[in-house]
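Reviewing the structure listed below.
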Amino acid sequence: MSKNNDELFKNVTGHAKEYGFVFQSSEIYDGLSAVYDYGQLGAELKNNLKTYWWKSMVQMNENIVGIDSAIFMHPKIWKASGHVDGFADPMIDNKDSKKRYRADNLIEDKIARYEKDGKTDKAAKLQADMDEALNADDLPRLKVLIEEHEIVCPVSGTRNWTEVRQFNLMFSTQMGAMAEGSDEVYLRPETAQGIFVNFLNVQKSGRMKIPFGIAQIGKAFRNEVIARQFIMRMREFEQMEMQFFVRPGTEMEWYKHWKDARLKWHLAIGTPAEKYRYHDHVKLAHYANAAVDIEFEFPFGFKEVEGIHSRTDFDLSQHQQFSGKKMQYFDNELNEEGKPYGNYIPYVIETSIGLDRLFLLTLCNAYEEQDLSTDEKQDSRTVLKLHPTLAPIKAAVLPLTKKDGLPEKAREIMDKLKLDFNMQYDEKDSIGKRYRRQDAIGTPFCITIDHQTLEDHTVTIRHRDSMDQERVAASELDQIIGKLVSWKNLLN
Ligand code: GAP
Numbered sequence: 024m025s026k027n028n029d030e031l032f033k034n035v036t037g038h039a040k041e042y043g044f045v046f047q048s049s050e051i052y053d054g055l056s057a058v059y060d061y062g063q064l065g066a067e068l069k070n071n072l073k074t075y076w077w078k079s080m081v082q083m084n085e086n087i088v089g090i091d092s093a094i095f096m097h098p099k100i101w102k103a104s105g106h107v108d109g110f111a112d113p114m115i116d117n118k119d120s121k122k123r124y125r126a127d128n129l130i131e132d133k134i135a136r137y138e139k140d141g142k143t144d145k146a147a148k149l150q151a152d153m154d155e156a157l158n159a160d161d162l163p164r165l166k167v168l169i170e171e172h173e174i175v176c177p178v179s180g181t182r183n184w185t186e187v188r189q190f191n192l193m194f195s196t197q198m199g200a201m202a203e204g205s206d207e208v209y210l211r212p213e214t215a216q217g218i219f220v221n222f223l224n225v226q227k228s229g230r231m232k233i234p235f236g237i238a239q240i241g242k243a244f245r246n247e248v249i250a251r252q253f254i255m256r257m258r259e260f261e262q263m264e265m266q267f268f269v270r271p272g273t274e275m276e277w278y279k280h281w282k283d284a285r286l287k288w289h290l291a292i293g294t295p296a297e298k299y300r301y302h303d304h305v306k307l308a309h310y311a312n313a314a315v316d317i318e319f320e321f322p323f324g325f326k327e328v329e330g331i332h333s334r335t336d337f338d339l340s341q342h343q344q345f346s347g348k349k350m351q352y353f354d355n356e357l358n359e360e361g362k363p364y365g366n367y368i369p370y371v372i373e374t375s376i377g378l379d380r381l382f383l384l385t386l387c388n389a390y391e392e393q394d395l396s397t398d399e400k401q402d403s404r405t406v407l408k409l410h411p412t413l414a415p416i417k418a419a420v421l422p423l424t425k426k427d428g429l430p431e432k433a434r435e436i437m438d439k440l441k442l443d444f445n446m447q448y449d450e451k452d453s454i455g456k457r458y459r460r461q462d463a464i465g466t467p468f469c470i471t472i473d474h475q476t477l478e479d480h481t482v483t484i485r486h487r488d489s490m491d492q493e494r495v496a497a498s499e500l501d502q503i504i505g506k507l508v509s510w511k512n513l514l515n
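Quick note on this note's numbering: the sequence shown kicks off at 24 and runs consecutively.
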């Protein structure tokens, strides 16, 4: 069953809604743009992805600890970090449709059209011109490119554009009971700053020695000019970030370490290696001395999922300057070596992954439409080949029929297993239909209770991917399932 990528992506997003993974936020009010809710299975899968990240960062590394800092922070933090003055995208409005666009997105779409039409030279030239304008923050030049290439508004079809302006992506609100006289605060656009400002709290209370890391998972908010590709670019999303504090001068060694370690982490889920690639940043942010993205090949092309940045001592130095508090680390070991610089502001390697993008990647990678037709009959199934440890439901308990005491026996088995695993019980419809329902939500194992179970206390386990069945003792189920869904299978 060969589908083009657009259709495939449409089917994945349709599947996510149909089976309770992701819903549009406020759907009965016609939705809220670029905001999504996770349904009953989506919440489970998302939690499992978080657990995988947390365990591999915090549990597996003795020198990394996790925190949970507040979304609201002192507004000066965002001044110090550069977000108040510099966290912006170039936007342009069409005066006829009143629609707002990111100027670089409009140009990118034009480049894609040139490529589709075989005009590769024109595409390359426009790409180079746009990169140059973006690197120089030359907004008038972006407008000129839009005009020169006769880019029209996708809604009105006209070229009646405003000037290109910078649009700050931070959401703000008022803190305090009265709007008047209360302070403007921001919804954090990244979780990282909550780590930086707690650097000394954690270091001192946890007696941490450099090199060490602080990890956190949490919501971030960005007023994205344009929402794109389902949960790929959202206005409210979740990040999993880790800041690793190192001695100045050793940062490149650690940058390489985390670059390798993070790709290995992605591959452990079972995603084919050719679906990933590194994208080294040519133009570095003012605070970075090296930066790379890990990109995944979504149905709509290779896109960033995670960034690894060598952030130097920029953030801690800025907070030292803006807060007036010392952000230095006293390196006892250097002192013992007789070196004169025991006190320094550490350098930082950051790993930052978007949980929602990881979720989308996992769904796209797991989704398969299979043709199972034989000479005798037409058949097909949609299956989510999720890693068993990450699957929302670990196993389903299915009595073959609704009579002869099979449901009672199945319930007995279900009640025992649900103490350890997230399970589903299902006795409705034919056994074939029930297997298909579990395939569609990625349940790796189906446990069927039949008449033989009543005689010898054995059951069948059906494996989702191979559809093979094996007969095992009911008393051993918790051990068998436990081994198959163990975190050990991912964390080695
Ligand atoms: N602290 C560094 C930082 O925030 P970033 O590249 O802006 O770096 C890191 O974001 C990751 O967060 C991205 O690789 C992406 O996975 C995710 N992300 C960023 N903006 C997002 C959005 N609007 N919607 C969903 N995920 C987003």
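Using N, Cα and C, we set each Cβ at its ideal position, and we do this for glycine too.
Problem set entry | 3 or more residues per run - each beta strand (DSSP E) lying fully within the region 68 to 141 | 87 to 89, 111 to 116, 123 to 125, all fully within the region 68 to 141.
Exercise. Taking 7 Å as the cut-off, is the CB of F321 close to at least one heavy atom of ligand 1?
Worked result: F321: no, Cβ never under 7 Å from ligand 1.
Exercise. Are the region 326 to 337 and the region 366 to 375 touching, with three or more C-beta to C-beta distances below 8 Å?
Worked result: Short answer: they touch.
For this session: Might you give, ordered along the chain, the residues of its own chain that have their beta carbon closer than 6 Å to the beta carbon of S25, omitting 5 neighbours on each side?
Result: Unreliable placement is indicated for S25, whose pLDDT of 42 sits below 50; no coordinate value is reported for it.
For this session: List the endpoints of the continuous beta strand (DSSP E) containing S403.
Result: Its beta strand (DSSP E) spans residues 403 to 407.
Exercise. Does any CB atom of chain D fall closer than 8 Å to the CB of I218?
Worked result: Included in the structure is just one protein chain, with no chain D present.
Problem set entry | Beta-carbon contacts of Y124 that lie in its chain and below 8 Å, excluding the five residues immediately before and after | Answer for Y124: M114, I115, D116, N117, C176, V248, I249, listed in chain order.
Problem set entry | Cβ-Cβ distance between L514 and K78 below 8 Å | In this structure, K78 lies closer than 8 Å to L514 by Cβ.
Exercise. Just to check, is the beta-carbon of G180 closer than 7 Å to a non-hydrogen atom of ligand 1?
Worked result: False, no ligand heavy atom lies under 7 Å from that Cβ.
Exercise. Using the C-alpha atoms, what's the distance from R230 back to L72?
Worked result: Straight-line spacing of the CA atoms in L72 and R230 works out to 29 Å.
For this session: Work out the CA separation of L429 and F325 for me, nearest whole Å.
Result: If you take the alpha carbons of F325 and L429, they lie about 49 Å apart.
Exercise. Hey, would you say the C-beta of A215 is under 7 Å away from at least one heavy atom of ligand 1?
Worked result: Within the cutoff, so yes.
Problem set entry | Coil, strand or helix - E207 by DSSP | Shown here, E207 sits in a strand according to DSSP, grouped into three states.
Problem set entry | Cut-off 7 Å between Cβ atoms - residues of its own chain near R300, not counting five sequence neighbours on either side | Around R300: E318, F325.
Problem set entry | Span separating the alpha-carbon of D127 from that of D112 | Straight-line Cα distance between these residues: approximately 9 Å.
Exercise. To which residues of the same chain is V81 closer than 8 Å at the C-beta, ignoring the five residues directly before and after it?
Worked result: Excluding positions up to five away in sequence, the list reads I87, V88, G89, A238.
For this session: Just mark D479 as buried or exposed, buried being the case when its beta carbon has 16 or more other beta carbons within 10 Å.
Result: Counting Cβ neighbours within 10 Å, D479 comes out exposed, since fewer than 16 surround it.
Exercise. Looking only at its own chain, which residues have a Cβ that is under 7 Å from the Cβ of L157, when we skip the five neighbours before and after it?
Worked result: Within the same chain, Cβ atoms closer than 7 Å to the Cβ of L157 are found at D127, the five residues on either side in sequence being excluded.
For this session: Measure the C-alpha to C-alpha separation of F268 and T294 and round it to an integer number of angstroms.
Result: Roughly 30 Å separates the two Cα atoms.
Exercise. Roughly how many angstroms lie between the CA atoms of L409 and K99, to the nearest whole one?
Worked result: One Cα belongs to L409, the other to K99, and the distance between them is close to 43 Å.
Exercise. Is any heavy atom of ligand 1 found at a distance shorter than 7 Å from the C-beta of E318?
Worked result: Result no, Cβ not under 7 Å from ligand 1.
Exercise. With which residues is F268 paired in a DSSP beta bridge?
Worked result: Answer is F235, V371.
Exercise. Near D443, which residues of its chain fall below 7 Å by C-beta distance, leaving aside the five closest residues on each side in sequence?
Worked result: Short of 7 Å from the beta carbon of D443, and not among the five residues preceding or following it, lie these beta carbons of its own chain, in chain order: D501, G505.
For this session: Would you be able to state if there are at least three C-beta pairs under 8 Å between the region 254 to 261 and the region 57 to 67?
Result: With a cut-off of 8 Å, the region 254 to 261 and the region 57 to 67 count as touching, because enough Cβ pairs lie within range.
Exercise. If you draw a straight line from the C-alpha of S179 to the C-alpha of L129, how long is it?
Worked result: One C-alpha to the other measures close to 14 Å.
Exercise. Alpha helix (DSSP H) containing D479: first to last residue?
Worked result: Boundaries of the alpha helix (DSSP H) around D479: 474 to 479.
For this session: State yes or no: is the C-beta of S375 nearer than 7 Å to some heavy atom of ligand 1?
Result: Remark: the C-beta of S375 is in contact range of ligand 1, defined as less than 7 Å to any heavy atom.
Exercise. Counting only runs that start and end within the region 317 to 399, where is the alpha helix (DSSP H) found for 4 or more residues in a row?
Worked result: Here the runs fully enclosed are 337 to 346, 355 to 359, 378 to 389.
Exercise. Which class does T424 belong to by DSSP, given the choice of helix, strand or coil?
Worked result: Residue state for T424 is assigned as coil, using DSSP reduced to three classes.
For this session: Verify the contact flag: R256, CB atom, against every heavy atom of ligand 1, threshold strictly below 7 Å.
Result: Within the cutoff, so yes.
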